[in-house]
Structure formats: C-alpha cells, structure tokens
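Numbering (this note's numbering), first residue to last: -13 to 113.
Every residue gets a Cβ at the ideal spot worked out from N, C-alpha and C, and that includes glycine.
As the structure is a prediction and not an experimental result, all values here were calculated from the model.
What follows is a single structure, written as structure tokens, with notes after it.
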C-alpha cells in the first residue's frame, strides 16, 4: 500500500497564508532553507493594516544562515510587527525535513505537488 499526499502550491487565500515556513536541518537545531543556504522565503505581499501592502525581508527573503529556527522566527516576525488587514500576525511554521528528528522518512509515501492551476509540474517525491 502506498500513501499518496497531494500538496497544492500555497496561495494567499489558504489558511496559514500568514506563516513563513522555516526549513531546518535534520537535527532541527539550525535553519537550512530550501536550497540549504539558510535563506527563508515568504512568497506573498504582506497586506499590513498600518502601512499597506509590502514585501517583507529583502525581496521576500531572510538570511537565517547558522541561526536556530527560533532566532530566525524572531527576526522574521520583527519585520511585520503589525497585523495584516485580516487581523492576522506573521507566524512561523518550522519544518524538519523527512528523515530528520521527529519526522521519519517513509518509503511508502509519495508526495505530489500541484501548481495553482491544478497541474503537476514536477516529479513526485518518495518520502
């Protein structure tokens, strides 16, 4: 039996749009980032209730190289101290890679990522 997990590409209208995903190393003690360079990205404009829509960080990115996830999260949250126009504050979601501490890899689980138009644009991943 294979477990198939379908992920839709994040969009501004989904629950959790206000969360910045911080990808850690396998020990969960340092920020790795998607490209293993310590860079954390937020893909949306922040619709700040006080200052209006704006890009957070530097072009939507923060350099969290060699930071703990908690320190990185504090840095990220400091860049948007005000809630957005929906009353939500910027939050962090800390993601430990599959095979890392507390997130075991499964050889019977397949992830399929869908684009916003509902199509598969990249190869499925076994994790």
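For residue 81, the closest of 40, 7 and -3 by C-alpha to C-alpha distance is 7. CA-CA distance, residue 90 to residue 33, rounds to 36 angstroms. In this structure, residue 4 sits near residue 74, with a CB-CB distance shorter than 7 angstroms. Burial is judged here by how many other beta carbons sit within 10 angstroms of a residue's own beta carbon; residue 76 has at least 16 and is buried. Shown here, residue 71 sits in coil according to DSSP, grouped into three states, outside any helix or strand. Secondary structure at residue -5: coil, using DSSP grouped into helix, strand and coil.
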